[in-house]
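As structure tokens, the structure follows; a few thoughts come after it.
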Amino acid sequence: MQPSDTALVPFVSVDHMMQLIHYIGLSDMLRGLAEYIAEDFKRWESFDKTPRVASHSAEGVIELMPTSDGETYGFKYVNGHPKNMAEGLQTVTAFGLLADVSNGYPVLLTEMTLLTALRTAATSALVAKTLAPKSAATMAMIGNGAQSEFQSLAMQAIAGITHVRLYDIDPAATAKCAKNLAGTSLTVTICHSAEEAIEGAQILTTCTADKAYATILTDNMVGAGVHINAIGGDCPGKTEIAPAILRRGEIFVEYRPQTRIEGDIQQLNPDHPVTEIWEVMTGRAKGRTSDKQITIFDSVGFAIEDFSALRFVRDKIKGTEFFHPLDLLADPDDPRDLFGMLTRAES
Ligand code: NAD
Numbered sequence: 011m012q013p014s015d016t017a018l019v020p021f022v023s024v025d026h027m028m029q030l031i032h033y034i035g036l037s038d039m040l041r042g043l044a045e046y047i048a049e050d051f052k053r054w055e056s057f058d059k060t061p062r063v064a065s066h067s068a069e070g071v072i073e074l075m076p077t078s079d080g081e082t083y084g085f086k087y088v089n090g091h092p093k094n095m096a097e098g099l100q101t102v103t104a105f106g107l108l109a110d111v112s113n114g115y116p117v118l119l120t121e122m123t124l125l126t127a128l129r130t131a132a133t134s135a136l137v138a139k140t141l142a143p144k145s146a147a148t149m150a151m152i153g154n155g156a157q158s159e160f161q162s163l164a165m166q167a168i169a170g171i172t173h174v175r176l177y178d179i180d181p182a183a184t185a186k187c188a189k190n191l192a193g194t195s196l197t198v199t200i201c202h203s204a205e206e207a208i209e210g211a212q213i214l215t216t217c218t219a220d221k222a223y224a225t226i227l228t229d230n231m232v233g234a235g236v237h238i239n240a241i242g243g244d245c246p247g248k249t250e251i252a253p254a255i256l257r258r259g260e261i262f263v264e265y266r267p268q269t270r271i272e273g274d275i276q277q278l279n280p281d282h283p284v285t286e287i288w289e290v291m292t293g294r295a296k297g298r299t300s301d302k303q304i305t306i307f308d309s310v311g312f313a314i315e316d317f318s319a320l321r322f323v324r325d326k327i328k329g330t331e332f333f334h335p336l337d338l339l340a341d342p343d344d345p346r347d348l349f350g351m352l353t354r355a356e357s
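The opening position of the sequence shown corresponds to residue 11 in the working numbering, with each subsequent residue numbered one higher.
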């Protein structure tokens, strides 16, 4: 028996996602994702929100990230295993799903490892465009792993930087990132320490992976007027920024209840003031208020950003061949005759 068209769920494989990104163009896709994320941040209060459901182990974490706007439901499955890289595996892999709230049927299943890198970069750049000094042209990119090229190119496409200064404890990672960015119009400088990387930079991105209380930026390294885009501290016991910098700066987060557990602010008192970024985007709260201020985006990644990315993919694959129709849902002619469908399949 053939499944009906309504029961077939579009599935975007890794190969299809790569084709979709090339078809749209990486910069346009990063800008498009940022627009969808901004739209959803501006209607923040219409979403169901919960800190992600995390299953921790000694090696890493596996998380589910659900949300709904009442019409559409989405979730992402994602892992974070810093030791994977040494074994030839990705630190972060993901897939996700969108469903129709009115009948509960899935409407999209997609790879999200690439999509997470793009949505994280688009979110970072959207927030930097909102908070960083308007003249920001140079970014220090500390941690040159899987996310780093996407972070750099989104900051160029959305926040207008022209120059990246790369540093990683592993010179091979920096060489890889520099090689990948060589064909772009970004000016790339290879640095040999975090201190060297932040020289002259107005945006400081930390995107390292270590399941530990690490200090990538120490207090004496960070001067006035910069924007810090802290991406890598996204789990309990995993941080990048010295608490003294957090106390000197103005901190912006995605969703307080999740960031208190996972972000760099886990090092501060639970009542330390932080602003949710949607509040700035809707004009409810102030963003940067002076040239001297240090603004810090304590990013951990939130379900609404994945929901926006899933919406974007659902919209963009329409009329294309960048998906497989997946026989994911049982679809008997008589909805109550699930057993009969099974029996008929035997013959
Ligand atoms: P990756 O393993 O591919 O790269 C991490 C890089 O950090 C490696 O090249 C490693 O050598 C480097 N590094 C480790 N310690 C360092 C140090 N002290 N100084 C400089 N470099 C150092 O990982 P990835 O996929 O690029 O992810 C990086 C981090 O970002 C991870 O912790 C991941 O969980 C996090 N992440 C956050 C979000 C978010 O939304 N905030 C999204 C995706 C990934």
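Beta carbons: idealized from backbone N, C-alpha and C, even for Gly.
- In the three-state DSSP reduction, L196 falls in the coil class, being neither helix nor strand.
- Its chain contains F312 as the residues whose beta carbon lies nearer than 6 Å to that of E264, once the 5 sequence neighbours on both sides are disregarded; these appear in chain order.
- Less than 8 Å separates the beta-carbon of T60 from that of P76.
- Judged by DSSP secondary structure, M75 falls within the beta strand (DSSP E) whose first and last residues are 71 to 78.
- In this model, L30 and D337 are separated by some 22 Å (Cα to Cα).
- The C-alpha of I271 is placed about 19 Å away from the C-alpha of I255.
- Secondary structure at E159: helix, using DSSP grouped into helix, strand and coil.
- The Cβ atoms of V137 and I287 sit closer than 8 Å to each other.
- The C-beta distance from F307 to S134 rounds to 7 Å, short enough to fall under 8 Å.
- T126 carries a helical assignment under DSSP once its states are collapsed to helix, strand and coil.
- Residue side-chain check: N89 keeps its Cβ at 7 Å or more from all non-hydrogen atoms of ligand 1.
- Across the structure, P345 and M351 are spaced so that their CA atoms are roughly 10 Å apart.
- In the displayed model, T133 falls within a helix according to three-state DSSP.
- Per DSSP, the beta-bridge partners of C245 are K248.
- If you compare the alpha carbons of E69, L108, T140, L118 with that of E97, the shortest gap goes to E69.
- Rounded to whole angstroms, A319 and G114 show a C-alpha spacing of 20 Å.
- Cβ-Cβ separation between S78 and V111: approximately 6 Å, consistent with a contact (criterion under 8 Å).
- Between the beta-carbon of G153 and that of T218 there is about 4 Å, and that keeps the pair under the 8 Å contact cut.
- For N89, the enclosing beta strand (DSSP E) has its first and last residue at 82 to 90.
- With respect to the 8 Å criterion, L119 and L107 are classified as neighbours on the basis of their beta carbons.
- In the structure shown, the three-state DSSP call for P181 is helix.
- With a threshold of 16 other beta carbon atoms within 10 Å, E159 meets it and is buried.
- Between the segment 236 to 244 and the segment 170 to 184, the count of C-beta pairs closer than 8 Å stays below three; the two stretches do not touch.
- Take the alpha-carbon of A44 and the one of A132: they are about 5 Å apart.
- Annotation: the continuous alpha helix (DSSP H) that includes A204 extends over 204 to 207.
- Looking at the DSSP output, L118 bridges to L108.
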